[in-house]
Structure formats: structure tokens, C-alpha cells
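The numbering of the first sequence is the UniProt record's numbering, which starts it at 1 and goes up by one. Don't be surprised by glycine CBs; every beta carbon is placed ideally from N, CA and C.
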Amino acid sequence: MGVKIKELVEPVAKEVDLEFFAKKVIAIDAYNILYQFLATIRQKDGTPLMDAQGNITSHLNGLFYRTINFVEVGIKPVYVFDGKPPELKQKELERRLQVKVQAEQKYKEAIERGDLEEARVYAQQTSRLSTSMVEDAKLLLQYMGIPYINAPSEGEAQAAHLAKKGDAWATGSQDFDSLLFGSPRLVRNLGVTGKRKLPRKDVYVEVKPEIIELEQLLKTHGITHEQLIVIGILVGTDYAPEGAKDIGVKKALKLVKELRDPDKIFKTVEWQSDVPPQEILKLFQNPPVTDNYTLTWRQPDKEKIISLLVDKHQFSLDRVTNALDRLEKAYNTHFRQQSLETWFGF
DNA sequence: CGGGTATA
DNA sequence: TATACCCGG
Numbered sequence: 001m002g003v004k005i006k007e008l009v010e011p012v013a014k015e016v017d018l019e020f021f022a023k024k025v026i027a028i029d030a031y032n033i034l035y036q037f038l039a040t041i042r043q044k045d046g047t048p049l050m051d052a053q054g055n056i057t058s059h060l061n062g063l064f065y066r067t068i069n070f071v072e073v074g075i076k077p078v079y080v081f082d083g084k085p086p087e088l089k090q091k092e093l094e095r096r097l098q099v100k101v102q103a104e105q106k107y108k109e110a111i112e113r114g115d116l117e118e119a120r121v122y123a124q125q126t127s128r129l130s131t132s133m134v135e136d137a138k139l140l141l142q143y144m145g146i147p148y149i150n151a152p153s154e155g156e157a158q159a160a161h162l163a164k165k166g167d168a169w170a171t172g173s174q175d176f177d178s179l180l181f182g183s184p185r186l187v188r189n190l191g192v193t194g195k196r197k198l199p200r201k202d203v204y205v206e207v208k209p210e211i212i213e214l215e216q217l218l219k220t221h222g223i224t225h226e227q228l229i230v231i232g233i234l235v236g237t238d239y240a241p242e243g244a245k246d247i248g249v250k251k252a253l254k255l256v257k258e259l260r261d262p263d264k265i266f267k268t269v270e271w272q273s274d275v276p277p278q279e280i281l282k283l284f285q286n287p288p289v290t291d292n293y294t295l296t297w298r299q300p301d302k303e304k305i306i307s308l309l310v311d312k313h314q315f316s317l318d319r320v321t322n323a324l325d326r327l328e329k330a331y332n333t334h335f336r337q338q339s340l341e342t343w344f345g346f
């Protein structure tokens, strides 16, 4: 779900074409992107793609073709997976599980009624990433030669860490949390090309990748990074979605400018969670991250990819082979190390 | 979501 | 050549 600061961010978002990101390293929140695939790559009644044994494969489908598109334009993706969630998040994770269980019930009811549109909506809300689904995604990336990092805790925090260090040009996610974790640049809608259907409506809108610069965001609103975090905490984060009572982005902005001191602000508002806001502030300012990673983009292993996607999960050999040809060509044009010999032409 | 094919 | 639509696993 993420921190609810869309209103603040939207005015400074700059639209660009996917090609803009050529040669740039983007630290992508893996869970964020996998959940998107899991929610959207479904049949009309909401059933996800599955192999012969009933294992869900929607996330692999999306990850495979999207990543190839990245490599084709020369983007260097690194996927960052969540580790152990912070203690502060436990209650929210339990709440989300309840929501999914309820959605499963409503999905069944909609199917019985024969309401496919409704069924699809609830099916999307049931999306859960199992351990084996995540393992498959990591295997696929490994075989594709794309680096991934296991974050010690929040993936968004680790991705922001890469961007802060300059190991990545930006973080990639639909959520804004990495900005609170200090990422200097966030890319949204990465890889979304052309027109997309709006949920529940028969309306199509042109969606392009957009860049949000942290410095510009702060400057535009005349706030510091700490003040941005406090605003996020007041309006609602994953750690306390309710935030403070009756405080939206506008009031939060006013509050941080008037009172400045976070503790004063937290005392003034009606805090609606058991999780202390000060703890959330500390987490955003100093999250667990690691420097134990290497970023290398390797030649894809076609055989292993075919074994995983075609043999294990019944992807069509034709489609996979076709895509692998594209991947190999793209790798050779953008990623292959030029040896000294080739460089000097002997 | 993204690829591919039908359709004009 | 551009857009609409269907299906993948």
C-alpha cells in the first residue's frame, strides 16, 4: 500500500519515455512489481495463470517479459527482495491477511452469482506471494543474468540505500516509501507502455514512466527530509495506516511548518495507532540495510530458463524461445563486456 | 501486463 | 500504420 503522499508528489513528477533510462541502474522493489503482476495478469474471472500442478505463474510471466523489455532498451535492473519485516509492521501484516481472507470469500460469492467483473476485483485483492513463488522469481532472475539482492528488512529501504550510494540511479516502485527512506530519485510506472485500462471503468489512459526527484519534492514544498517523513507518518504509512485523526496532506504540511519539532507535532495530533510515531520516524531515518551485494549483469542461460519456464511451468516453448532471442540480442548490444581485443579491433 | 493477431 | 481484442499457464 505504501505511504499516502501522492498529492504531494504528483506536482513534481516528470514523465519520460522508457528509453530515457538506457544505461541506468534501477533498484526495483521486487515485491512491489511481483504483486502488480500477480494482481493484473489474470483471466476475465480473476483466475491467475497456473501451471499443470496448479502453481501460480502470473508473476513469472510478468517478470520475464518486463525484464526483457528493460534489457532491450539498455536499462540495468537490480531487483531488491524484502527480508524480515520490521516488528512495527506485524499488526498491519495481520490486518492485510484478514483483508485477503475476506476478499477470498467475496470472490467465491461473486463467482457463484456469475458476476465476473466483481469476481476479478476481489480476486486481485486475494493476491499472495508464497515462498515458492518468490523462489521461482529469484531463480528466473539468476538464469536471466539479472542481479537481485535479499534485503535484511524492507526492500524499499535497501533500494533507497543503493540509490543513495550511487550504485543505482533511482529506485523503482509504485509506492513512495523509498523517498521517505531517502532515495534521491524514484521512478514509477517503469516499463508501462502506451494505454492502460482504468480499473472498474471502460476508460483508457496513456501511462508513461515518471521520475520524482527528492530534492525537488522537498524544495517545492519548502520542507526538509525529516519533515517529509513526519508528513508521511501523520497521513499514514504501512506501520500505522490510520496515521493521525483528521490529518491529510494539507494539514500535515501546515503542522510540520508551524511546529517543526516532530515530538511536539506528535503530541499535538490525535495519534490513532499502538505503534509510536517516533519509532516509525527512526525506522525511516535509519532502517536495516546491507552493503553485502555485487551488481553484475550476466549472459542469460537459455537452457535453464527453458527448463524452468517450459518444463516446470508449461510456458509455450515458442514464446519463450522467441523472447530469449530478443533477450540475447539485447544483452549483446547493451551489456556484453567489450574485451580489449574487440575494442582495438584484433 | 505484454505479445500477437485480427481488423480497418 | 494504428488501434482493438484475446490469451497466456
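Between the alpha carbons of ILE265 and GLY248, how many angstroms are there, rounded?
The count along the first sequence starts at 1 and reaches residue 265 at position 265. The count along the first sequence starts at 1 and reaches residue 248 at position 248. Looking at the two C-alpha atoms, the distance is approximately 14 Å.
Taking the alpha carbon of PRO85 as the reference point, which residue from PHE21, VAL78, GLU94, TYR79 has its own alpha carbon closest?
If you number the first sequence from 1, residue 85 lands on position 85. Comparing Cα positions, the closest option is GLU94.
What's the C-alpha gap between THR237 and ASN332?
Residue 237 sits at position 237 when you count from the first residue of the first sequence. Residue 332 sits at position 332 when you count from the first residue of the first sequence. So the two alpha carbons sit approximately 42 Å from each other.
If we ignore side chains and look at the alpha-carbon of each, how far apart do residue 367 and MET1 end up?
The chain is shown from 1 up to 346; residue 367 falls before or after that span and cannot be answered.
Three-state secondary structure (DSSP) of ALA150:
On the first sequence, position 150 is the one that residue 150 refers to. Looking at the sequence provided, one finds Asn at residue 150 rather than Ala. Here ASN150 sits in strand by DSSP.
On the premise that GLU156 lies in contact with LEU173, defined as a C-beta separation below 8 Å, what is that separation, rounded to the nearest angstrom?
Residue 173 sits at position 173 when you count from the first residue of the first sequence. Residue 156 sits at position 156 when you count from the first residue of the first sequence. In the sequence on display, residue 173 carries Ser and not Leu. Right, the Cβ-Cβ distance comes to about 6 Å (below 8 Å), so this counts as a contact.
Enclosing alpha helix (DSSP H) for ASP12 [first to last residue]:
Taking the first sequence and counting its residues from 1, the one referred to as residue 12 is at position 12. One point to set straight first is that residue 12 is Val, not Asp, in the sequence displayed. Per DSSP, VAL12 belongs to no alpha helix (DSSP H) and is neither H nor E.
Would you check if there are 3 or more beta carbon pairs closer than 8 Å linking the region 10-27 to the region 114-121?
no
Are the beta-carbon atoms belonging to LEU179 and VAL230 less than 9 Å from one another?
Walking along the first sequence from the start, residue 179 turns up at place 179. Walking along the first sequence from the start, residue 230 turns up at place 230. Against a cut-off of 9 Å, the Cβ pair of VAL230 and LEU179 comes out as no contact.
Quick one: Cα of GLU109 to Cα of ASP45, how far?
As a working mapping, residue 109 is identified with position 109 in the first sequence. As a working mapping, residue 45 is identified with position 45 in the first sequence. If I take the Cα positions, the gap works out to 12 Å.
Which residue comes first and which comes last in the alpha helix (DSSP H) that contains PRO262?
The residue given as residue 262 occupies position 262 in the first sequence. Counting along the chain, the alpha helix (DSSP H) containing PRO262 begins and ends at 262-268.
Does VAL73 come out as helix, strand or coil in the three-state DSSP assignment?
As a first step, residue 73 must be located in the first sequence, where it is residue number 73. In the structure shown, VAL73 sits in coil (DSSP, three-state: anything other than H, G, I, E or B).
With a floor of 3 residues, list each beta strand (DSSP E) that falls wholly inside the UniProt domain "XPG N-terminal" (1-103), ordered by position along the chain.
25-29, 76-81
Is the separation between the beta-carbon of ILE149 and that of VAL78 shorter than 9 Å?
Here residue 149 refers to the residue found at position 149 when the first sequence is read from its first residue. Here residue 78 refers to the residue found at position 78 when the first sequence is read from its first residue. Yes, the pair counts as a contact, with Cβ atoms nearer than the cut-off.
Where the beta strand (DSSP E) through VAL187 begins and ends:
Against the first sequence, residue 187 aligns to sequence position 187. Looking at the DSSP string, the run of the beta strand (DSSP E) that includes VAL187 is 185-188.
Quick check on DSSP: helix, strand or coil for LYS195?
To locate residue 195, count along the first sequence from 1; it is residue 195. LYS195 falls in the strand class under three-state DSSP.
Buried or exposed, going by whether 16 or more other CB atoms sit within 10 Å of the CB of MET144?
What you label residue 144 is simply residue 144 of the first sequence in a count that begins at 1. MET144 is buried by the Cβ-count criterion.
Do THR171 and ILE75 have their beta-carbon atoms positioned less than 9 Å apart in this structure?
Here residue 75 corresponds to residue number 75 of the first sequence, with the count starting at 1. Here residue 171 corresponds to residue number 171 of the first sequence, with the count starting at 1. Against a cut-off of 9 Å, the Cβ pair of THR171 and ILE75 comes out as no contact.
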